[in-house]
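Asker:
As structure tokens, then:
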């Protein structure tokens with residue numbers, strides 16, 4: 013059943029999330045340097061990479077649903093759909109957080125002296141990325 017998964021999509025999603033984490037790191041560095049405009053731009057770039065992940069994952073889900081795959085198809089698909097959908101929902105929440113932080117950054121709310129909220133949101137985003145870095149090999153690669 014694992015052979016029915018599109019490893020290229022999984023790999024592209026991995027690249028999208030790793031890139032988004034890099035952008036979030038750059039946003040925190042910009043805030044620490046009092047470059048709030050750059051901070052906002054990096055956050056929006058991370059948001060777009062999260063959006064790319066969402067689009068690719070939705071296409072994967074649509075493919076499987078159209079093929080008649082459900083949670084009850086078999087144990088593999090039950091775990092695949094459950095784990096990846098749960099992660100998908102966390103990516104969406106992360107995008108809300110990143111978008112909120114980008115708006116705050118654009119308004120000058122983060123600075124070298126006040127960026128703890130930004131670091132908290134960044135930690136959440138990195139956690140979501142880390143979970144994907146575990147899920148991708150487990151679901152798409154390892155037999």
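Numbering (our numbering), first residue to last: 13 to 155. Glycine included, C-beta positions come from ideal geometry on N, C-alpha and C.
(1) In chain order, what residues of the same chain have a beta carbon less than 7 Å from the beta carbon of residue 59, not counting five sequence neighbours either side?
(2) In this structure, how does DSSP classify residue 81 when only helix, strand and coil are distinguished?
(3) Measuring CA to CA, which of 40, 45, 49 and 105 is closest to residue 65?
(4) Below 8 Å between beta carbons: does that hold for residue 158 and residue 38?
(5) By DSSP, does residue 45 sit in helix, in strand, or in coil?
(6) The alpha helix (DSSP H) with residue 104 in it runs from where to where?
(7) My output table needs one value for residue 138: the three-state DSSP class, helix, strand or coil.
(8) Taking three-plus beta-carbon pairs below 8 Å as touching, is the region 112-131 in contact with the region 22-30?
(9) Are three or more beta carbon pairs between the region 26-38 and the region 129-138 nearer than 8 Å?
(10) Can you check which of these residues, 137, 71, 125 and 80, is closest to residue 102 by C-alpha distance?
(11) I'd like to know whether the C-beta atoms of residue 151 and residue 96 end up nearer to each other than 8 Å.
(12) Whole angstroms is fine: what's the gap from residue 126's alpha carbon to residue 41's?
Answerer: Working from what's here:
(1) Here residue 59 corresponds to residue number 47 of the chain shown, with the count starting at 1. Excluding positions up to five away in sequence, the list reads 107, 110, 111 and 114.
(2) Translated into positions along the chain shown, residue 81 becomes position 69. Residue state, collapsed to three classes: coil.
(3) Mapped onto the chain shown, residue 65 falls at position 53. Closest by alpha carbon: 105.
(4) Shown here, the chain extends from 13 to 155; a query on residue 158 therefore has no answer.
(5) Position 33 of the chain shown, counted from the start, is the residue given in the question as residue 45. Three-state result, residue 45: coil.
(6) Numbered from its first residue, the chain shown carries residue 104 at position 92. Per DSSP, residue 104 belongs to the alpha helix (DSSP H) from 87-118.
(7) Residue 138 sits at position 126 when you count from the first residue of the chain shown. Helix at residue 138.
(8) Contact between the region 112-131 and the region 22-30 is absent, because fewer than three Cβ pairs lie under 8 Å.
(9) Three or more beta-carbon pairs drawn from the region 26-38 and the region 129-138 are found closer than 8 Å, and the two stretches are therefore classed as touching.
(10) Residue mapping note: residue 102 aligns to position 90 of the chain shown, counting from 1. The shortest C-alpha separation from residue 102 is found at 137.
(11) Sequence index remark: in the chain shown, residue 151 carries index 139 (1-based). Sequence index remark: in the chain shown, residue 96 carries index 84 (1-based). Yes, they are a contact pair.
(12) Taking the chain shown and counting its residues from 1, the one referred to as residue 126 is at position 114. Taking the chain shown and counting its residues from 1, the one referred to as residue 41 is at position 29. For residue 126 and residue 41, the gap between their C-alpha atoms comes out near 12 Å.
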